[in-house]
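All residue numbers for the sequence shown refer to the numbering used here, where the first residue is 9 and numbers rise by one. Quick reminder that beta carbons are idealized off the backbone N, C-alpha and C, glycines included. A short worksheet on the structure shown next.
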Amino acid sequence: MARGFGVCGNFEPLLPPKNFIKKTFKINVVCSLALIRRNIVPTPSNLETPQTHEVLRNTQMKNSVKRILDDLWGWNPPKLVLISDDHIGNPSGSVSTSSQAPLFYDKHVAENLVLKYVKHMPSLCDMLSDQVDVHIRNAPTLPKSTLGLANRQKIRNHMKTVDIDVSNEQGVAWFYKQAIFDLCTSVASTLALHPAAKEWDNKLSLVQLHGSPSIAHGVLTFKYPDLRDNPRAWGSVEPAMREAILFRRDWLNECCMATVEYKSLTVGTKQMFERLLSTARTNAIPGIKLVEFAWEFCNVKEECLKCLSQETSVQPACEDDPNSPWSNSVNPKIDAEKSSQTSQCSSQKSEDHSTEQSAGDADPPLRRPGEATSEYFLQQSWAQAVMHNSTFILMTAGNYEIIAIRDREKQTVYVSEVIEPSKYPCYMKLQVGFYVTAIKDLLSRLERETGNEGENGDGDGDGVSDDSGGCAGGSNGDKGVCRGTKRHGKWTSRRPPQKRQKEGGKA
Numbered sequence: 009m010a011r012g013f014g015v016c017g018n019f020e021p022l023l024p025p026k027n028f029i030k031k032t033f034k035i036n037v038v039c040s041l042a043l044i045r046r047n048i049v050p051t052p053s054n055l056e057t058p059q060t061h062e063v064l065r066n067t068q069m070k071n072s073v074k075r076i077l078d079d080l081w082g083w084n085p086p087k088l089v090l091i092s093d094d095h096i097g098n099p100s101g102s103v104s105t106s107s108q109a110p111l112f113y114d115k116h117v118a119e120n121l122v123l124k125y126v127k128h129m130p131s132l133c134d135m136l137s138d139q140v141d142v143h144i145r146n147a148p149t150l151p152k153s154t155l156g157l158a159n160r161q162k163i164r165n166h167m168k169t170v171d172i173d174v175s176n177e178q179g180v181a182w183f184y185k186q187a188i189f190d191l192c193t194s195v196a197s198t199l200a201l202h203p204a205a206k207e208w209d210n211k212l213s214l215v216q217l218h219g220s221p222s223i224a225h226g227v228l229t230f231k232y233p234d235l236r237d238n239p240r241a242w243g244s245v246e247p248a249m250r251e252a253i254l255f256r257r258d259w260l261n262e263c264c265m266a267t268v269e270y271k272s273l274t275v276g277t278k279q280m281f282e283r284l285l286s287t288a289r290t291n292a293i294p295g296i297k298l299v300e301f302a303w304e305f306c307n308v309k310e311e312c313l314k315c316l317s318q319e320t321s322v323q324p325a326c327e328d329d330p331n332s333p334w335s336n337s338v339n340p341k342i343d344a345e346k347s348s349q350t351s352q353c354s355s356q357k358s359e360d361h362s363t364e365q366s367a368g369d370a371d372p373p374l375r376r377p378g379e380a381t382s383e384y385f386l387q388q389s390w391a392q393a394v395m396h397n398s399t400f401i402l403m404t405a406g407n408y409e410i411i412a413i414r415d416r417e418k419q420t421v422y423v424s425e426v427i428e429p430s431k432y433p434c435y436m437k438l439q440v441g442f443y444v445t446a447i448k449d450l451l452s453r454l455e456r457e458t459g460n461e462g463e464n465g466d467g468d469g470d471g472v473s474d475d476s477g478g479c480a481g482g483s484n485g486d487k488g489v490c491r492g493t494k495r496h497g498k499w500t501s502r503r504p505p506q507k508r509q510k511e512g513g514k515a
């Protein structure tokens, strides 16, 4: 029998009954996670707004580490270059310029889980960047070694192996993984999970879930194989946190820290991202009637009849973190003022959205290729976040991107300004803040989920309570297809996953 590592005490084998051990272990996990959150992860009351780099100068961090982090914050990835698939001729003649329409699964999300509103949060990027300084300030200790950090020479040598010429979404996905994630994730992982380690190490993984060049998205999660097969690799992580992650592996399989949705350079233009923000800016203005997002449902009667014949469940997903930093970091007046200055939406557009939402059985009008690029992009991104039960979303097309936060209860997504990675000040610090805050959100949800199960009893024997509503999503081969249970209640079809690739066309 494994020995527990909770801060409330260890377990001795062959003493208490099995049910007592299980319940006690749950209590230990809850106590341990609460302690971790208090000591490692900042609470909203600690979310001061420091001056840029002031925290690095005021900490006990070694000067060599400070210099490398300053170099990393000051580095920007290069701009991507569009090429044709065959590397010759006019590139626009061989790549798509329109976004893939919503797939079968994207159009069959339960109504209480679809996106309803898009709101602009201009302060989002600043809030995420500030989280890096907060974690550095609150960390009891940090690695003194520079091992695992990317200094100027390492970045220069690493980028020689990274291809900036891309022709499709797969190229954008590879570039983001190699040029951004691989260079800064050791900082994020260390700050959020193991600040007392001797070296800057990475326990995170960015997994791409589709192999097709025209359909690419990824999820940010833990390095589970290392945690299971090589425990020594996780030796620097707090024992209580390590045990909690292993104990709730079943729940974590259905959730992730963040999802990343990729688009090609021809689709993800700055104009497309600005169109995505147009309604969001209007919705951020106090007193203005909210414009609903025109979610595209399935309108093929034969297909809908098939859906209704399947077992479905629309149990709510797990709740949002009530102590989330972004809920206390937004200044409504400032955000509203910024949004109103750039809003270009008209009342006619609001009427169009309302008409499309209430159309019901009527077929939506045919769209020209590329006409609904921003709407399709947003619907795909939200649907993937629902599938994997993530709060944070990164929508990137290489040269432009937007960070978004999913509010489950209000069915609202909060979007940042358009980010240009090659020019954005302290871009890598923003990415580290994105990862750190996403980890904090997942640990907070893990704490509350484990606490709820400790109150509800033993559950169904695998550590998940049948009546908890679960954190629906899906990590199975069918990517979240409804199985008629309360734990997998986000999707309304059992259509085989292999048919998914045939429905979308080009991206």
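When H225, T154, Y125 are compared, the shortest CA-CA separation from W182 is found for H225. Here the alpha carbons of P148 and A196 stand approximately 16 Å from one another.
If you check the CB distance, K70 and K127 do not come in under 8 Å. Residue H116 holds the alpha-carbon nearest to the alpha-carbon of C306 among Q68, H116, T193, P85. If you compare the alpha carbons of K271, T290, Y432, G82 with that of G179, the shortest gap goes to K271. Taking 8 Å as the cut-off, the Cβ atoms of A446 and R414 do not count as close. By the 16-neighbour rule on beta-carbons within 10 angstroms, G295 is exposed.
Per DSSP, reduced to three states, the secondary structure at D173 is strand. Take N407, set aside five residues on each side of it, and the residues of its chain with a beta-carbon closer than 6 Å to its own are K87, L88, in chain order. The beta carbons of I427 and A412 sit no closer together than 8 Å.
A residue is called buried once 16 or more other Cβ atoms fall within 10 Å of its Cβ, and R164, having fewer, is exposed. For A204, there is no enclosing alpha helix (DSSP H), as DSSP gives it neither H nor E.
Shown here, E409 sits in a strand according to DSSP, grouped into three states. Going by beta carbons, K437 and V140 fall inside the 8 Å limit.
Shown here, A446 sits in a helix according to DSSP, grouped into three states. In the DSSP assignment, G156 falls outside any alpha helix (DSSP H), carrying neither H nor E. Nearest Cα to K124 within the set H396, L298, F281: L298. S452 is not a Cβ neighbour of P85, given a cutoff of 8 Å. In the structure shown, the three-state DSSP call for T381 is helix. Within the same chain, Cβ atoms closer than 7 Å to the Cβ of S137 are found at C434, K437, L438, G441, the five residues on either side in sequence being excluded. Straight-line spacing of the CA atoms in S131 and C192 works out to 22 Å.
In the structure shown, K127 falls within a strand segment according to DSSP collapsed to helix, strand and coil. If you look at T404, you'll find it in the beta strand (DSSP E) that goes 400 to 404. Residue environment: Q388 is assigned as buried (16 or more neighbouring CB atoms within 10 Å of its CB, all protein chains considered). About 34 Å separates the CB atoms of V174 and Q419; that is not less than 8 Å, and the two are not in contact. Distance from the CA atom of T274 to the CA atom of L80, rounded to whole angstroms, is 29 Å.
In the three-state reduction of the DSSP assignment, S272 falls in the coil class, being assigned neither a helical nor a strand state. Under the three-state reduction of DSSP, S213 is assigned to strand.
Scanning its chain for C-beta atoms nearer than 7 Å, with the 5 sequence neighbours on each side dropped, one finds around T154 the residues S72, V73, I76, in chain order. Proximity to A248 across I144, H202, N397 peaks at H202, based on C-alpha coordinates. Listed in chain order, the non-local C-beta contacts of V215 below 7 Å within the same chain comprise G226, V227, T229, local neighbours out to five positions each way being set aside. Here F183 carries a helix assignment [DSSP, helix/strand/coil]. One thing to note: V444 has its Cβ within 8 Å of the Cβ of L199. Residue pairing of G226 in beta bridges, as defined by DSSP: Q216, V268. If you ignore the 5 residues before and after F281, its C-beta comes within less than 7 Å of the C-beta of Y408, I410, V426, all in its own chain and listed in chain order.
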